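Residue numbers (the UniProt record's numbering): 1 to 284.
Using N, Cα and C, we set each Cβ at its ideal position, and we do this for glycine too.
Every value quoted in this text rests on a predicted model; they were computed, and no experiment measured them.
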Ligand SMILES: NC(=O)c1ccc[n+]([C@@H]2O[C@H](COP(=O)([O-])OP(=O)(O)OC[C@H]3O[C@@H](n4cnc5c(N)ncnc54)[C@H](O)[C@@H]3O)[C@@H](O)[C@H]2O)c1
């Protein structure tokens, strides 16, 4: 059963806040009277986010892979927070696109360290405070790629499936504590995720450059970051245990349920149609 919760007005913590969904969350929640503690490895982007906020802000350069620094950050937030912590958004993430055959282990490990261990580190760092408060939500960003496996996304999908499993387990453990855990599954959101990805070669053998892949991604995304932030904020406050973002996320979710081993028959077809349309638009 879902239970309504309030985040607006409470302190929130957001990693990956220098760009994309994290920045949009900071903007939205700050405008809903939340003191925001924002963290990222990208100091310049973080300062830009900070400059766009009007309420109380704690800005912290942080690599989510560093468990000890995440604990130090949690201590700093506790000392600073003008209000109890309403939510911790473990949102920072990166992308790699490669076949398993061509995978560069160093790239996959980099992604797993950020996308999975970064989420675990953030959860562990802030959970004692939330449990002590007897309230608060851990909001972990998975993906639609945490619902289905996609070609050339083995590292990303495995990390996002892991986030989903970790967060679901945590939610069951937290019953009766007043604290809960939520999975977020965005579909395509128009952010810098592909531009910020590690790139070696076009995994589909179509000879695209990194820039071309980023442009193609932007053309097929269905949701803007500010809309994603609104859906996350509303979904968490509505008491949802998982938040799907965008029409594509609902389609992925439905296909994974009705055709658990055959979903890519449909998704592969839809993906190539969307790309064809994007290529035609680019050629005009
Ligand atoms: N954009 C999408 O279509 C999409 C879809 C599903 C899930 N997601 C997930 O949403 C989250 C946000 O991504 P986005 O789309 O806003 O991308 P983005 O690239 O615009 O923002 C990600 C932010 O994370 C930061 N970051 C990267 N490594 C970090 C580290 N080690 N420590 C701290 N910060 C770090 C980056 O500097 C960047 O500011 C990610 O977890 C991503 O996997 C995105």
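Given 8 angstroms, three or more beta-carbon pairs between the segment 261-274 and the segment 48-62: Touching, no.
The segment 190-209 in contact with the segment 97-106 per 3-pair CB rule at 8 angstroms: In this structure the segment 190-209 touches the segment 97-106; the number of beta carbon pairs closer than 8 angstroms is three or more.
heavy atom of ligand 1 below 6 angstroms from residue 247 C-beta: Flag unset: Cβ of residue 247 not near ligand 1.
DSSP state of residue 199 mapped onto helix, strand, coil: Here DSSP, grouped into helix, strand and coil, assigns residue 199 to coil.
Residue 243 - DSSP class collapsed to helix/strand/coil: Residue state, collapsed to three classes: strand.
Other residues of its chain near residue 120: CB distance less than 7 angstroms, five sequence neighbours each side excluded: The answer, listed in chain order, is 166.
Residue 188 beta carbon near ligand 1 (any heavy atom closer than 6 angstroms): Yes, ligand 1 has a heavy atom inside 6 angstroms of this Cβ.
Residue 60 beta carbon near ligand 1 (any heavy atom closer than 6 angstroms): For residue 60, the Cβ stays outside the 6 angstroms cut-off from all heavy atoms of ligand 1.
Whole-angstrom distance between residue 219 and residue 10, CA atom to CA atom: The alpha-carbon atoms of residue 10 and residue 219 are separated by roughly 36 angstroms.
Runs of beta strand (DSSP E) wholly within the segment 142-192 (minimum 3 residues, chain order): Runs of the beta strand (DSSP E) inside the segment 142-192: 179-186.
Where the beta strand (DSSP E) containing residue 86 begins and where it ends: Taken as a continuous stretch (DSSP letters only), the beta strand (DSSP E) holding residue 86 covers 85-90.
The beta strand (DSSP E) enclosing residue 13, as first and last residue numbers: From DSSP, the beta strand (DSSP E) with residue 13 extends over 11-15.
Cut-off 6 angstroms between Cβ atoms - residues of its own chain near residue 160, not counting five sequence neighbours on either side: Apart from the 5 residues on each side of it in sequence, residue 160 sits with its Cβ closer than 6 angstroms to the Cβ of 142, 143, 145, 146 in its chain, given in chain order.
Best match in 199, 255, 278 for proximity to residue 215 [C-alpha to C-alpha]: Comparing Cα-Cα distances from residue 215 to each of 199, 255, 278, the minimum goes to 278.
Residue 65 - DSSP class collapsed to helix/strand/coil: In this structure, residue 65 counts as coil in the three-state DSSP scheme.
Proximity to residue 91 [Cα-Cα], best of 225, 156, 17: Ranking the options by Cα distance to residue 91, first place goes to 17.
Rounded straight-line distance, which links the Cα of residue 184 to that of residue 34: Just so you know, the alpha carbons of residue 34 and residue 184 end up roughly 20 angstroms apart.
Where the beta strand (DSSP E) through residue 36 begins and ends: DSSP places residue 36 inside the beta strand (DSSP E), whose first and last residues are 36-40.
Contacting residues, own chain, Cβ-Cβ under 8 angstroms from residue 208 (five flanking each side not counted): Excluding sequence neighbours, residue 208 sits near 202, 216.
Residue 63 vs residue 41 beta-carbon contact at 7 angstroms: Taking 7 angstroms as the cut-off, the Cβ atoms of residue 63 and residue 41 count as close.
Cβ distance (whole Å) where residue 14 is taken to contact residue 36 below 8 angstroms: For a cut-off of 8 angstroms, the C-beta gap from residue 14 to residue 36 is around 6 angstroms, short enough to register as a contact.
Distance, residue 168 Cα to residue 274 Cα: Within the model, the alpha-carbon separation for residue 274 versus residue 168 is close to 32 angstroms.
Local Cβ density within 10 Å of residue 248, reported as buried at 16 or more and exposed below that: Taking all protein chains shown into account, residue 248 has 16 or more neighbouring C-beta atoms within 10 Å of its C-beta and is therefore buried.
Buried/exposed call for residue 134, threshold 16 Cβ in 10 Å: If you draw a 10 Å sphere on the C-beta of residue 134, you find fewer than 16 other C-beta atoms in it, and that means exposed.
Euclidean distance between Cα positions of residue 38 and residue 221: Between the C-alpha atoms of residue 38 and residue 221 there is a straight-line separation of about 25 angstroms.
Supposed contact pair residue 86 and residue 136 - C-beta distance, whole angstroms, cut 8 angstroms: Sure, about 6 angstroms apart at Cβ, within 8 angstroms.
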